[in-house]
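Data block below; observations after.
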Amino acid sequence: MRTLKFLANNGTDNQVQNSHEVQDYVANVLTQKLTKYGFETLAQSGAQVAVSVDQYALPLAVRCETQNADGHLVCEISSYPDEEQDWLARITERSLLNQLAQAVENSLKDEASLSEFKWIDQENI
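In numbering that gives the first Met the number 0, the protein residues as written are 0 to 124.
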């Protein structure tokens, strides 16, 4: 699993006020912007975004739950690749996941209300 943590600055540019609105906002941004990086996207229920390229599906989950000391929401985008694959499929998916990670970060950095991006790897290798 890879997780991108970032801050959502509430109520300034986009008038997002709570975690549910921020999650929907981030999912919408990703659904719109990831296509310019070659990924096909489809918004799903809640803050889920289905992402695929060729025959590979890479599900993303967006969660904005906690607030930092400044009152900004701390959001996480997580991807859960299938770890039960043969080695060639796993290498291919890991490469696609790295490309997707860069595309997600670049897409969100365009938004003035989002800041302080940091990737956290939580993989069992």
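Even glycine gets a Cβ: it sits at the ideal position worked out from N, Cα and C.
N-terminal and C-terminal residue of the alpha helix (DSSP H) that ALA49 is part of: Walking along the sequence shown from the start, residue 49 turns up at place 50. Per DSSP, ALA49 belongs to no alpha helix (DSSP H); it is in the beta strand (DSSP E), 47 to 52.
Nearest candidate by alpha-carbon position, reference PHE38, set GLN101, ALA111, PHE116: Translated into the one-based positions of the sequence shown, residue 38 becomes position 39. Checking every option, the nearest Cα to that of PHE38 belongs to GLN101.
Taking its Cβ as the centre, do 16 or more other Cβ atoms sit within 10 Å of ALA7, making it buried, or is it exposed? Indexing the sequence shown from 1 puts residue 7 at position 8. Looking at its Cβ environment, which holds 16 or more other Cβ atoms inside 10 Å, ALA7 is buried.
Look at the alpha carbon of ASN22 and the alpha carbon of LYS4, and state the distance between them as a whole number of angstroms. The residue given as residue 22 occupies position 23 in the sequence shown. The residue given as residue 4 occupies position 5 in the sequence shown. Going by the sequence as given, residue 22 is Gln instead of Asn. About 13 Å.
Beta carbon proximity, GLU104 to chain D, threshold 8 Å: Protein chain content of the structure displayed is limited to a single chain, and chain D is not contained in it.
Within this structure, are the beta carbons of GLU110 and VAL28 separated by less than 8 Å? Here residue 110 refers to the residue found at position 111 of the sequence shown. Here residue 28 refers to the residue found at position 29 of the sequence shown. For GLU110 and VAL28, yes; Cβs fall inside 8 Å.
So VAL50 and ALA26 are supposed to be a Cβ contact under 8 Å. How far apart are they, rounded? The residue you call residue 50 lines up with position 51 of the sequence shown. The residue you call residue 26 lines up with position 27 of the sequence shown. Not a contact, Cβ separation roughly 11 Å.
Is the CB-CB distance between LEU57 and LEU107 below 8 Å? Start at 1 with the first residue of the sequence shown, and residue 57 comes out as number 58. Start at 1 with the first residue of the sequence shown, and residue 107 comes out as number 108. Contact flag unset, no.
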